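Remarks on the structure that follows.
2 protein chains.
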Amino acid sequence: MIDRLAILGVGLLGGSLALAARARGVARRIVGVGRNPDRLGPALAAGAIDHATTEVRAAVRDADVVVLAATVAANDAWLPRVWEAAPATALVTDVGSTKRSIARVAEALRVGRREVQFVGSHPMAGSERSGYGAARADLFEGATVVVTSTDASEPRAVKAVVGLWEALGARVVTLDPDAHDRAVAAISHLPHLVAWALADAVARAEPGALDVAGAGFRDTTRIAASDPRVWRDILLANADALGPALAAFRTALAELESLVATGDGAALEAALARIKAFRESVR
Amino acid sequence: MIDRLAILGVGLLGGSLALAARARGVARRIVGVGRNPDRLGPALAAGAIDHATTEVRAAVRDADVVVLAATVAANDAWLPRVWEAAPATALVTDVGSTKRSIARVAEALRVGRREVQFVGSHPMAGSERSGYGAARADLFEGATVVVTSTDASEPRAVKAVVGLWEALGARVVTLDPDAHDRAVAAISHLPHLVAWALADAVARAEPGALDVAGAGFRDTTRIAASDPRVWRDILLANADALGPALAAFRTALAELESLVATGDGAALEAALARIKAFRESVR
Numbered sequence: 398m399i400d401r402l403a404i405l406g407v408g409l410l411g412g413s414l415a416l417a418a419r420a421r422g423v424a425r426r427i428v429g430v431g432r433n434p435d436r437l438g439p440a441l442a443a444g445a446i447d448h449a450t451t452e453v454r455a456a457v458r459d460a461d462v463v464v465l466a467a468t469v470a471a472n473d474a475w476l477p478r479v480w481e482a483a484p485a486t487a488l489v490t491d492v493g494s495t496k497r498s499i500a501r502v503a504e505a506l507r508v509g510r511r512e513v514q515f516v517g518s519h520p521m522a523g524s525e526r527s528g529y530g531a532a533r534a535d536l537f538e539g540a541t542v543v544v545t546s547t548d549a550s551e552p553r554a555v556k557a558v559v560g561l562w563e564a565l566g567a568r569v570v571t572l573d574p575d576a577h578d579r580a581v582a583a584i585s586h587l588p589h590l591v592a593w594a595l596a597d598a599v600a601r602a603e604p605g606a607l608d609v610a611g612a613g614f615r616d617t618t619r620i621a622a623s624d625p626r627v628w629r630d631i632l633l634a635n636a637d638a639l640g641p642a643l644a645a646f647r648t649a650l651a652e653l654e655s656l657v658a659t660g661d662g663a664a665l666e667a668a669l670a671r672i673k674a675f676r677e678s679v680r
Numbered sequence: 398m399i400d401r402l403a404i405l406g407v408g409l410l411g412g413s414l415a416l417a418a419r420a421r422g423v424a425r426r427i428v429g430v431g432r433n434p435d436r437l438g439p440a441l442a443a444g445a446i447d448h449a450t451t452e453v454r455a456a457v458r459d460a461d462v463v464v465l466a467a468t469v470a471a472n473d474a475w476l477p478r479v480w481e482a483a484p485a486t487a488l489v490t491d492v493g494s495t496k497r498s499i500a501r502v503a504e505a506l507r508v509g510r511r512e513v514q515f516v517g518s519h520p521m522a523g524s525e526r527s528g529y530g531a532a533r534a535d536l537f538e539g540a541t542v543v544v545t546s547t548d549a550s551e552p553r554a555v556k557a558v559v560g561l562w563e564a565l566g567a568r569v570v571t572l573d574p575d576a577h578d579r580a581v582a583a584i585s586h587l588p589h590l591v592a593w594a595l596a597d598a599v600a601r602a603e604p605g606a607l608d609v610a611g612a613g614f615r616d617t618t619r620i621a622a623s624d625p626r627v628w629r630d631i632l633l634a635n636a637d638a639l640g641p642a643l644a645a646f647r648t649a650l651a652e653l654e655s656l657v658a659t660g661d662g663a664a665l666e667a668a669l670a671r672i673k674a675f676r677e678s679v680r
């Protein structure tokens with residue numbers, strides 16, 4: 398049981414964390430922090446958080462656990478203030494989609510104050526929806542959460558962060574920040590960029606075709622409805638890891654395209670069957 | 398009410414058609430035709446069809462409506478036999494994913510026997526699942542069905558095919574076969590090819606990332622689990638229309654990639670927002 402939990406950013410992920418922690422009795426007192434006090438109203442009214450504030454320092458002063466749940470850029474910017482104001486015993490984590498950047502900030506902060514602990518998290522439970530209105534108490538149940546530890550991480554802190562997510566029903570995978578960023582570039586950031594390009598291709602080539610769209614188009618482009626500002630930050634933060642994933646995608650597409658263009662039915666069917674088998678090995 | 402309905406190919410679409418026609422009292426007697434009699438057993442046992450046979454000619458001899466519901470290549474191959482054996486009053490349609498090829502076959506057949514009517518259909522209600530086991534009586538409820546008419550189509554025949562789908566709960570859009578094939582190249586065939594390339598990119602670049610896949614990857618690549626043989630035929634049959642759609646996709650992706658690579662956050666956010674707005678105009 399966490400005595401005092403501070404959540405910075407009470408949107409889809411932060412709000413779901415508050416609701417889940419409450420529902421499962423994981424935290425006694427939950428403080429929600431946001432830039433705009435009006436936006437915290439619904440979470441307060443629903444009892445997801447006990448207290449709402451715009452003051453980061455005040456919110457984390459007596460926190461046992463601090464979760465940064467804003468955009469990746471905002472989390473990076475908030476971390477130094479959290480580090481200064483949090484008690485020596487505080488454990489800090491985040492829910493950002495890229496992990497090298499915040500790990501570097503935490504590493505730099507540890508030079509000045511070694512006792513505060515940071516261990517990154519990335520719940521693979523996002524959605525094209527955003528904001529507290531989309532938050533759900535069961536968002537993390539059965540979801541995969543990547544916890545990122547480095548050589549500098551204290552095993553006790555890693556264990557506590559893993560335990561927090563497991564207590565909320567998630568399955569935890571641990572990776573170092575580099576491996577995490579490469580993995581999500583391929584499994585999440587590439588699909589997002591491709592989904593946007595796919596919707597844009599229809600807008601450019603056959604906008605009227607939208608009228609006969611079926612489930613195939615809706616599913617492949619669902620994440621193109623994600624928040625542009627949030628995804629701008631994610632894509633820019635992970636641009637270098639996205640490069641090799643995009644190169645692999647381009648090669649894969651060119652090969653399929655060439656099999657279609659040359660009319661090599663047997664090779665095309667074999668390629669589709671091979672990829673289908675790989676795809677079906679997903680959990 | 399159709400007195401005698403013959404369905405050639407009792408898989409996902411043909412089976413759902415039988416179940417829906419039965420449930421809504423649209424057809425009195427339904428004959429199911431397949432190459433393999435064993436595969437027709439479940440539809441017969443469930444009462445979706447009244448009679449099962451492997452004999453195309455016998456099945457369509459007294460049919461009022463014949464629906465070709467096999468792969469596009471098999472439908473093209475079956476149509477001449479149907480044309481010869483069906484009564485003069487017969488109305489023939491299909492549920493194939495491309496429409497120019499079967500329209501050309503029908504046009505050629507009409508030179509010899511003008512009284513049989515063919516009007517193509519394409520229910521945008523496919524799925525990565527296939528076979529009668531995936532069939533559902535409500536598959537067409539609220540789905541879009543494209544009915545393809547040409548200058549040679551008799552208005553009465555077009556009206557009858559539109560009426561059949563509307564009786565099953567579908568919303569009908571009519572297009573000529575050329576416009577249909579261009580539209581589905583962009584809205585369906587391109588997303589399929591891209592979904593396969595996306596799954597293959599992960600297999601090539603970061604196969605281990607499959608372990609942390611979230612809903613984004615699962616949704617964007619769901620249709621990469623579609624039947625390789627069926628999709629080999631569709632992609633080859635519509636290769637020429639797929640070309641311009643792929644070119645538009647490549648341009649769209651290259652533009653987004655360049656905004657990420659140059660770090661132009663404002664332009665990237667604006668592009669993502671523009672595409673999101675287009676994507677959200679889908680029904």
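Listed in order, the protein sequences are those of chains G and P.
With the first sequence counted from 1, adding 397 to any position gets you my numbering.
With the second sequence counted from 1, adding 397 to any position gets you my numbering.
Note that the Cβ used here is the ideal one computed from N, Cα and C, for glycine as well.
Computed from a prediction, not measured in an experiment: that's the story for all the values here.
Query raised in the report: Going along the chain, which residues of its own chain have a beta-carbon closer than 8 Å to the beta-carbon of E652 of chain P, five neighbours each way excluded?
Result: Counted from its first residue, the second sequence places residue 652 of chain P at position 255. For E652 of chain P, where only same-chain residues beyond five positions count, the Cβ hits under 8 Å are A668.
Query raised in the report: Of all Cβ atoms in chain G, is any one closer than 7 Å to the Cβ of D597 of chain P?
Result: Start at 1 with the first residue of the second sequence, and residue 597 of chain P comes out as number 200. Nearest CB-CB separation between D597 of chain P and chain G: below the 7 Å threshold.
**Report entry** Three or more C-beta pairs below 8 Å linking the segment 597-604 of chain P and the segment 577-588 of chain P
**Finding:** No contact exists between the segment 597-604 of chain P and the segment 577-588 of chain P.
Query raised in the report: If the cut is a Cβ gap below 9 Å, which residues of chain P does I631 of chain G touch?
Result: In the first sequence, counting from the first residue as 1, residue 631 of chain G sits at position 234. Contacts between I631 of chain G and chain P, judged by CB atoms closer than 9 Å, are missing: the closest CB pair is about 10 Å apart.
**Report entry** DSSP beta-bridge partners of T571 of chain G
**Finding:** To locate residue 571 of chain G, count along the first sequence from 1; it is residue 174. BP columns for T571 of chain G point to G:V544.
Report task. May I have the straight-line CA-CA distance separating D616 of chain P from V609 of chain P, to the nearest angstrom? Result -> What you label residue 616 of chain P is simply residue 219 of the second sequence in a count that begins at 1. What you label residue 609 of chain P is simply residue 212 of the second sequence in a count that begins at 1. Straight through space, the alpha carbons of V609 of chain P and D616 of chain P are spaced by roughly 14 Å.
**Report entry** Chain-ordered chain C contacts of W628 of chain G [CB-CB under 7 Å]
**Finding:** Absent from the structure: chain C. Protein chains present are G and P.
Query raised in the report: Any idea what DSSP makes of A594 of chain G, helix, strand or coil?
Result: Within the first sequence, the letter at position 197 stands for residue 594 of chain G. The DSSP-derived three-state label of A594 of chain G is helix.
Query raised in the report: For V627 of chain G, which residues of its own chain have a beta-carbon under 6 Å away from its beta-carbon, when the five flanking residues on both sides are left out?
Result: The count along the first sequence starts at 1 and reaches residue 627 of chain G at position 230. In the same chain as V627 of chain G, and ignoring 5 residues on each side of it, the C-beta atoms closer than 6 Å to its own belong to T468, in chain order.
Report task. Kindly say whether R619 of chain P, judged by its beta-carbon, lies nearer than 7 Å to any beta-carbon of chain G. Result -> In the second sequence, the residue the question calls residue 619 of chain P occupies position 222. The C-beta of R619 of chain P comes closer than 7 Å to at least one C-beta of chain G.
Query - A417 of chain G classed as buried or exposed, judged by whether at least 16 other C-beta atoms fall within 10 angstroms - result: On the first sequence, position 20 is the one that residue 417 of chain G refers to. By the beta-carbon neighbour count (other beta carbons within 10 angstroms, threshold 16), A417 of chain G is buried.
**Report entry** Short-range partners of chain G found in the segment 566-584 of chain P, where Cβ spacing is below 9 Å
**Finding:** The residues in question are V570, L572, A576, H577, R579, A580, V581, A582, A583 and I584.
Query raised in the report: Does any C-beta atom of chain P lie closer than 7 Å to the C-beta of L653 of chain G?
Result: Here residue 653 of chain G refers to the residue found at position 256 when the first sequence is read from its first residue. Put simply, the CB of L653 of chain G is near chain P, with a gap under 7 Å to one of its CB atoms.
**Report entry** Limits of the unbroken alpha helix (DSSP H) element including G429 of chain P
**Finding:** For the purposes of this step, residue 429 of chain P is taken as the residue at position 32 of the second sequence. Per DSSP, G429 of chain P belongs to no alpha helix (DSSP H); it is in the beta strand (DSSP E), A424 to V430.
Query raised in the report: When DSSP labels each residue in this structure, what does V492 of chain P get in the three-state scheme?
Result: On the second sequence, position 95 is the one that residue 492 of chain P refers to. DSSP, reduced to helix, strand and coil, places V492 of chain P outside both helices and strands of the structure shown, so it counts as coil.
Query - Which residues DSSP lists as bridging R463 of chain G, in chain order - result: Against the first sequence, residue 463 of chain G aligns to sequence position 66. A quick correction: the sequence has Val, not Arg, at residue 463 of chain G. G:A403 and G:V489.
**Report entry** Interface positions of the segment 436-469 of chain P facing chain G (Cβ-Cβ less than 9 Å), listed along the chain
**Finding:** Residues of the segment 436-469 of chain P that bring their beta carbon within less than 9 Å of a beta carbon in chain G are absent altogether.
Query raised in the report: Between the beta-carbon of V516 of chain G and the beta-carbon of A554 of chain G, is there less than 7 Å?
Result: Locating residue 516 of chain G in the first sequence gives position 119, where the first residue counts as 1. Locating residue 554 of chain G in the first sequence gives position 157, where the first residue counts as 1. Yes; because the gap between Cβ atoms is below 7 Å, this pair is in contact.
Query - Exposure of D435 of chain G, with buried meaning 16 or more beta-carbon neighbours within 10 Å - result: As a position in the first sequence, residue 435 of chain G is number 38, starting the count at 1. Answer is exposed; the Cβ neighbour count stays below 16.
Requested in this report: Compare the C-beta of I672 of chain P with all C-beta atoms of chain G and state if any pair is closer than 7 Å.
Outcome: Within the second sequence, the letter at position 275 stands for residue 672 of chain P. Chain G, which has a Cβ nearer than 7 Å to the Cβ of I672 of chain P, makes this yes.
Requested in this report: In angstroms with no decimal places, state the Cα-to-Cα distance between T495 of chain G and H577 of chain G.
Outcome: On the first sequence, position 98 is the one that residue 495 of chain G refers to. On the first sequence, position 180 is the one that residue 577 of chain G refers to. Each residue's Cα considered, the two are about 8 Å apart.
Query - E525 of chain G, buried or exposed, once every other Cβ within 10 Å from all chains shown has been counted against 16 - result: Locating residue 525 of chain G in the first sequence gives position 128, where the first residue counts as 1. Per the 10 Å Cβ criterion, buried.
Requested in this report: Measure from the C-beta of A532 of chain G to each C-beta in chain P and report whether the shortest distance is under 7 Å.
Outcome: The residue labelled residue 532 of chain G in the question sits at position 135 within the first sequence. For A532 of chain G, the answer is no, since every Cβ of chain P falls outside 7 Å of its Cβ.
Query raised in the report: Rounded to a whole number of angstroms, what is the C-alpha to C-alpha distance between R419 of chain P and S550 of chain P?
Result: Locating residue 419 of chain P in the second sequence gives position 22, where the first residue counts as 1. Locating residue 550 of chain P in the second sequence gives position 153, where the first residue counts as 1. Between the alpha carbons of R419 of chain P and S550 of chain P lies a distance of about 28 Å.
Query - Integer-rounded CB distance, given that V492 of chain P should sit under 8 Å from W475 of chain P - result: Here residue 475 of chain P refers to the residue found at position 78 of the second sequence. Here residue 492 of chain P refers to the residue found at position 95 of the second sequence. W475 of chain P to V492 of chain P, Cβ: 12 Å. No contact.
Query raised in the report: At what residues does the alpha helix (DSSP H) containing T617 of chain G begin and finish?
Result: Locating residue 617 of chain G in the first sequence gives position 220, where the first residue counts as 1. Per DSSP, T617 of chain G belongs to the alpha helix (DSSP H) from A612 to T618.
**Report entry** Against chain G: residues of the segment 598-617 of chain P by CB proximity under 8 Å
**Finding:** Under the 8 Å Cβ criterion, the segment 598-617 of chain P contributes A598, V599, A600, R601, A602, E603, P604, G605, A606, L607, D608, V609, A610, G611, A612, G613, F614, R615, D616 and T617.
Query raised in the report: With respect to the beta strand (DSSP E) encompassing S518 of chain P, which residues constitute its N-terminal and C-terminal limits?
Result: The residue labelled residue 518 of chain P in the question sits at position 121 within the second sequence. Residues G517 to P520.
Report task. My understanding is that A403 of chain G touches A485 of chain G, with C-beta atoms under 8 Å, so please give their C-beta distance in whole angstroms. Result -> One-based indexing of the first sequence puts residue 403 of chain G at position 6. One-based indexing of the first sequence puts residue 485 of chain G at position 88. Incorrect: roughly 15 Å between the Cβ atoms, too far for contact.
**Report entry** Chain-ordered chain P contacts of A645 of chain G [CB-CB under 7 Å]
**Finding:** Position 248 of the first sequence holds residue 645 of chain G. Here the neighbours are A598, R601 and A602.
**Report entry** C-beta neighbour in chain G for L476 of chain P, strict 7 Å
**Finding:** Walking along the second sequence from the start, residue 476 of chain P turns up at place 79. The beta carbon of L476 of chain P does not come within 7 Å of any beta carbon belonging to chain G, so the residue lies off that interface.
Query raised in the report: Expressed to the nearest angstrom, what Euclidean distance is found between the alpha-carbon atoms of S527 of chain G and E666 of chain P?
Result: Taking the first residue of the first sequence as position 1, residue 527 of chain G is located at position 130. Taking the first residue of the second sequence as position 1, residue 666 of chain P is located at position 269. Answer to the nearest angstrom: the Cα atoms are 16 Å apart.
Requested in this report: Provide the residue span of the alpha helix (DSSP H) that contains T450 of chain G, from first to last.
Outcome: For the purposes of this step, residue 450 of chain G is identified with residue 53 of the first sequence, where counting begins at 1. Run containing T450 of chain G: none in the alpha helix (DSSP H); it sits in the beta strand (DSSP E), H448 to T450.
Report task. Using a Cβ cut-off of 7 Å (strictly closer), state whether G662 of chain G contacts chain P. Result -> By 1-based counting over the first sequence, the position of residue 662 of chain G is 265. It does; some Cβ of chain P falls within 7 Å.
Query raised in the report: Taking just the CA atoms, how far does G444 of chain P sit from A580 of chain G?
Result: Here residue 580 of chain G is taken as the residue at index 183 of the first sequence, counted from 1. Here residue 444 of chain P is taken as the residue at index 47 of the second sequence, counted from 1. One C-alpha to the other measures close to 49 Å.
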